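Anchor point for the sequence shown: position 573 equals 653 in the numbering used here, and the numbering is continuous, going up by one each time. Every residue, glycine too, gets a C-beta built ideally from N, C-alpha and C. This structure is a prediction, so every number in the text was calculated from the model and none was measured. Here's the structure, in structure tokens; my notes come after.
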Amino acid sequence: MENFLNLLVELKILTPPEQTKNAIDEFSLSSQEITPQPPDIRGASADRYVPLTHESQQNQSAPLSQEGKPDYCVPLSQESQQNQSAPQDKGGWGVCAPLDKGGWGDHSEDKIAALQTLQELLIGDELAQLQNLTNTIQQNLTKLEHQIYEPEELINLLLPWVTELLKLKVAESKQDEVAEAIAPTMGKAIKKQIEIEEDTVVDALYPIIGSTIAKYMAETIQSINQKIEETLSPEGIKRKIRAKVQGVSEAELILQEALPFTVQAIFLIHKASGLVISDIQRSDTERLESEMVAGMLTAIRSFVNDCITPGHTSELDAIDYGTSKIILEVAGYCYLAIVVQGKPSKTFIGKMRQTLGKIVKDYGESIEKFDGDPETIPSQVHTLLNNLQHNPQQKQHKNRPSPLLLLSLTALSIILIPWGIWQYRSGVIHAMENKTSLALASAPELAVYRLTVTGDYGTLKLTGRVPNQLLRLKAEQIARNTAPKWLIDNQILSVEVPADPILATAEVKRVTQVLNQIDGTAISAEYKDSQVFILGSVSKITDAKTVTQAFAQIPGVKSVTSAVRVQPLRIEVRFYFQGDSATLLPKDLGYKLGQIKLFLNQHPMKRLRIIGYSYFTKSAIAAQKLALDRSKAVQQALINQGIDPSRLQVIGKTTLPPGIDSSQPTWLRRCVVLEPI
């Protein structure tokens with residue numbers, strides 16, 4: 081490298097550093113006297129001149145030569161103008177040499193030629209290659225600009241790569257970005273495709289839409305069939321009544337039940353800002369964009385309130401779309417938006433309003449200050465809204481029997497229920513008939529006659545024949561006593577049948593014997609010419625009537641003549657005592673006690689009242705005691721005879737005995753009298 085630099089110095093192309101420094105010093109000494117005028121280079125570019133040395137670049141004025149002329153760089157050739165810097169070595173060598181002392185024009189052509197020779201030696205080949213590369217790049221840029229700005233050329237350029245670009249875009253981009261990119265043109269493309277080839281689109285969509293519609297229709301028809309099967313059920317009857325009350329057809333109610341009401345999403349939205357306070361959605365369906373829904377609803381509400389109903393306080397309450405509906409309920413600083421499918425019931429509307437009212441009442445302050453932070457909203461708000469999502473109308477019905485089975489059961493019920501009622505009534509009637517027949521047969525006076533009892537529900541009909549009216553009435557009375565709650569239809573005929581005198585006489589004797597067995601009754605009867613004559617006595621008036629009726633009921637007896645006297649039972653036996661004594665006399669212990677014992681044995685239902693008498697005019701107390709002792713002495717004597725003590729009653733009296741007065745002897749006053757009771 082040093083040899084090469086020395087060669088340049090010898091050719092006077094470069095100036096050594098020592099000469100350059102001396103020239104600078106000389107220029108400094110003479111700069112005050114000489115002010116050289118540089119050549120006019122205003123028309124030339126400043127980039128075409130380079131300072132000779134590194135030190136000269138730091139001075140604000142150009143150095144002068146020994147003759148007082150400044151040293152300026154020799155202008156480079158056209159190829160060198162493209163380089164903005166000249167190479168320098170470590171010693172401060174410049175690319176250009178100072179001008180000649182003789183002036184600007186001395187040896188300029190030789191130096192220029194030498195400089196060009198040097199330039200060709202150093203970078204000649206590189207400049208040519210660079211120029212060729214520049215021309216090639218310029219041509220390619222011009223062609224590329226033509227292809228970009230010309231539509232036909234651009235289409236031809238991108239056409240082979242469209243498929244690859246789309247595949248690359250799909251692979252690198254997210255699914256949502258691809259959908260957003262092609263979504264604006266999909267609707268028009270599908271519409272155009274339908275206009276061009278409608279049958280092809282139908283064939284392509286038939287497997288999807290056809291199966292979907294078939295499944296939906298199958299479920300709907302199945303639900304409708306189930307509702308029809310429930311026609312005879314309580315639910316079906318209630319549906320018929322509800323259809324009449326509401327003034328709609330039963331088919332419409334069945335269709336409403338076939339398309340059940342469901343809650344899809346619930347949004348609680350701040351009324352002023354449109355921010356979502358609470359978002360409740362079903363987990364088994366696709367979630368809705370809550371912020372988008374809230375913004376849409378807020379915009380619609382504002383549009384309706386400001387443009388459609390300006391100046392009114394009404395609110396938008398519902399938005400219908402297809403089979404779905406958005407129910408809106410406004411209160412306080414928020415409003416409730418519920419996305420539902422089907423027709424909501426009044427119960428659900430009431431529950432929705434009640435829930436919103438509770439939220440506004442209890443948590444209105446938190447809702448008013450809501451700024452988008454869900455942490456400021458109490459969890460109870462979400463719980464209340466979540467309860468709305470569980471619809472009580474959604475019930476699971478159990479499998480019910482088919483209408484044919486219900487119809488069969490109804491027919492059997494129509495047959496069996498009346499038959500059962502008839503059987504029950506027949507059983508009751510038959511039981512009452514048997515009971516009444518047994519009662520009539522148990523009456524001695526009616527047992528010999530054939531009487532028939534026929535029952536209808538609530539009525540007993542008596543049929544048969546008896547010889548007289550008394551027996552007819554007797555049969556009716558027995559039937560009434562047997563069935564007091566039933567009506568008695570007495571159709572028994574009273575037939576006068578000539579009686580056999582022998583049989584009548586025998587019957588009179590039999591009845592007489594039977595009646596004499598009654599306590600205190602002693603009678604005799606005679607039958608003659610259909611008449612009965614009765615003589616004797618009875619102890620009671622009722623016994624006299626019984627005797628007369630018994631003989632009147634005998635067949636062949638037309639009249640009864642009674643001479644029966646009513647005479648109470650009396651014991652004509654008295655026990656007498658010595659004065660001031662209560663001891664029985666020995667003669668009374670045999671016959672009299674035997675008579676009393678016989679009476680009691682003949683009348684086992686009777687009892688005796690033993691009355692002792694003691695009549696004193698001086699001491700009533702002593703007389704009372706003595707009378708009681710006398711009755712007790714008779715009582716004890718009867719007990720000794722085997723008489724039950726419970727049938728004996730003792731009494732003591734100080735009066736005169738019955739039938740005795742004070743004029744009679746005194747021993748008649750000291751006695752014991754017996755009275756049957």
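Let me make sure I understand the geometry here. Which of D599, N466, E206 has the alpha-carbon closest to that of H683? To locate residue 683, count along the sequence shown from 1; it is residue 603. Here the closest residue by C-alpha is D599.
Neighbourhood of L518 by C-beta, 8 Å cutoff - its chain only, sequence neighbours within 5 removed: The count along the sequence shown starts at 1 and reaches residue 518 at position 438. Cβ within range, chain order: n/a, list empty.
Between which two residues does the beta strand (DSSP E) carrying A602 extend? On the sequence shown, residue 602 is found 522 positions in, with the first residue counted as 1. A602 -> beta strand (DSSP E) spans 602 to 608.
Could you check whether T562 and T516 sit closer than 8 Å to each other, using their CB atoms as the reference points? Position 436 of the sequence shown, counted from the start, is the residue given in the question as residue 516. Position 482 of the sequence shown, counted from the start, is the residue given in the question as residue 562. Their beta carbons are under 8 Å apart, which means T516 touches T562 by this criterion.
For E587, which option in N596, E652, I634, E275 has the closest C-alpha, if you only look at C-alpha atoms? Start at 1 with the first residue of the sequence shown, and residue 587 comes out as number 507. The candidate whose alpha carbon is nearest that of E587 is I634.
Alpha-carbon spacing of F613 relative to W502, whole angstroms: As a first step, residue 613 must be located in the sequence shown, where it is residue number 533. As a first step, residue 502 must be located in the sequence shown, where it is residue number 422. One C-alpha to the other measures close to 55 Å.
Secondary structure at N220, three-state DSSP: helix, strand or coil? Within the sequence shown, residue 220 is the residue found at index 140, counting from 1. Note: N220 maps to helix in three-state DSSP.
Enumerated in chain order, which unbroken segments of the beta strand (DSSP E) with a length of 3 residues or greater are wholly contained in the region 625 to 680? 639 to 646, 654 to 656
Am I right that T532 and T543 are in contact with their C-beta atoms under 8 Å? What's the rounded C-beta distance? The residue given as residue 532 occupies position 452 in the sequence shown. The residue given as residue 543 occupies position 463 in the sequence shown. That belief holds up - the Cβ atoms of T532 and T543 are roughly 5 Å apart, short of 8 Å.
Three Cβ pairs or more, each shorter than 8 Å: is that satisfied between the region 447 to 454 and the region 418 to 431? no
Taking C-beta to C-beta, are T663 and A703 nearer than 8 Å? Along the sequence shown, one-based indexing puts residue 663 at 583. Along the sequence shown, one-based indexing puts residue 703 at 623. Result no, Cβ atoms of T663 and A703 do not sit closer than 8 Å.
Check whether the Cβ atoms of L583 and A555 sit closer than 8 Å, and answer yes or no. For this step, residue 583 is matched to residue 503 along the sequence shown. For this step, residue 555 is matched to residue 475 along the sequence shown. Taking 8 Å as the Cβ cut-off, L583 and A555 do not qualify as a contacting pair.
Give the straight-line distance between the Cα atoms of Q729 and K686, rounded to the nearest whole angstrom. Start at 1 with the first residue of the sequence shown, and residue 729 comes out as number 649. Start at 1 with the first residue of the sequence shown, and residue 686 comes out as number 606. Roughly 12 Å between the two C-alpha positions.
Going by CA-CA distance only, name the one from N466, Q597, Y443, T463 that's closest to T456. By 1-based counting over the sequence shown, the position of residue 456 is 376. With distances taken between Cα atoms, T456 lies closest to Y443.
So what does C751 bridge to, in DSSP terms? As a position in the sequence shown, residue 751 is number 671, starting the count at 1. Partner(s): Y656.
Can you check the region 687 to 741 for any alpha helix (DSSP H) of at least 4 residues that lies completely inside it and give the ranges in chain order? 700 to 720
Identified DSSP bridge partners for L465: Counting from 1 along the sequence shown, the entry for residue 465 is found at position 385. According to DSSP, which records beta bridges pairwise, L465 is partnered with nothing at all.
Closest by C-alpha distance to R654, when choosing among R750, L706, Y695: Taking the sequence shown and counting its residues from 1, one reaches residue 654 at position 574. Cα-wise, what sits closest to R654 is R750.
Taking just the CA atoms, how far does L688 sit from I757? Numbered from its first residue, the sequence shown carries residue 757 at position 677. Numbered from its first residue, the sequence shown carries residue 688 at position 608. Rounded to whole angstroms, I757 to L688 spans 6 Å at the Cα level.
Decide if the region 631 to 647 is in contact with the region 614 to 622; the criterion is three or more beta carbon pairs, one per stretch, under 8 Å apart. yes
Within its chain, find whatever has a CB closer than 7 Å to the CB of I651; leave out the 5 residues flanking it on each side and keep chain order. The sequence position of residue 651 within the sequence shown is 571, counting from 1. Within the same chain, I651 has close Cβ partners I676, F679, L754, P756.
Got a sec? Which residues, its chain only, sit under 8 Å from A630 by beta carbon, not counting five neighbours each side? Translated into positions along the sequence shown, residue 630 becomes position 550. Around A630: V591, V594, L595.
Close-in-space but distant-in-sequence residues of the same chain around K438 (CB under 8 Å, 5 per side omitted): For the purposes of this step, residue 438 is taken as residue 358 along the sequence shown, with counting starting at 1. Here the set comprises L464.
Put R545 into one of helix, strand or coil per three-state DSSP. On the sequence shown, position 465 is the one that residue 545 refers to. R545 falls in the strand class under three-state DSSP.
Residue burial classification, C414 (beta-carbon count within 10 angstroms, cutoff 16): Within the sequence shown, residue 414 is the residue found at index 334, counting from 1. Its Cβ being crowded by 16 or more others within 10 Å, C414 is buried.
Residue of L416, D397, C387 minimising C-alpha distance to I360: By 1-based counting over the sequence shown, the position of residue 360 is 280. For I360, the nearest C-alpha among the options comes from L416.
Near E371, which residues of its chain fall below 7 Å by C-beta distance, leaving aside the five closest residues on each side in sequence? The residue labelled residue 371 in the question sits at position 291 within the sequence shown. Cβ within range, chain order: V356.
Length of the line joining the Cα atoms of A194 and L201: Locating residue 194 in the sequence shown gives position 114, where the first residue counts as 1. Locating residue 201 in the sequence shown gives position 121, where the first residue counts as 1. Cα to Cα, A194 sits roughly 10 Å from L201.
Helix, strand or coil at S404 according to DSSP, with G and I counted as helix: Looking up residue 404 in the sequence shown gives position 324. S404: strand per DSSP, three-state reduction.
Close-in-space but distant-in-sequence residues of the same chain around I262 (CB under 6 Å, 5 per side omitted): For the purposes of this step, residue 262 is taken as residue 182 along the sequence shown, with counting starting at 1. Counting only Cβ-Cβ distances below 6 Å, and skipping sequence neighbours, we find nothing.
Tell me V384's beta-bridge partners as DSSP assigns them. Translated into the one-based positions of the sequence shown, residue 384 becomes position 304. V384 is not bridged to any residue.
Would T601 be called buried (16 or more neighbouring beta carbons within 10 Å of its own) or exposed? Stepping through the sequence shown from its first residue, residue 601 is reached at position 521. So T601 counts as buried.
Quick one: using the 10 Å Cβ neighbour count with 16 as the cut-off for buried, is L246 buried or exposed? For the purposes of this step, residue 246 is taken as residue 166 along the sequence shown, with counting starting at 1. L246 comes out exposed.
Contact check, L468 vs K431 under 8 Å by CB: the rounded distance? Residue numbering aside, residue 468 sits at position 388 when the sequence shown is read from its first letter. Residue numbering aside, residue 431 sits at position 351 when the sequence shown is read from its first letter. That belief holds up - the Cβ atoms of L468 and K431 are roughly 7 Å apart, short of 8 Å.
Using a threshold of 8 Å, state whether the C-beta atoms of K351 and V410 are closer than that. Position 271 of the sequence shown, counted from the first residue, corresponds to residue 351. Position 330 of the sequence shown, counted from the first residue, corresponds to residue 410. Yes, Cβ-Cβ distance for K351 and V410 is below 8 Å.
From which residue to which residue does the alpha helix (DSSP H) around Q593 run? Here residue 593 refers to the residue found at position 513 when the sequence shown is read from its first residue. Note, Q593: alpha helix (DSSP H), 581 to 595.
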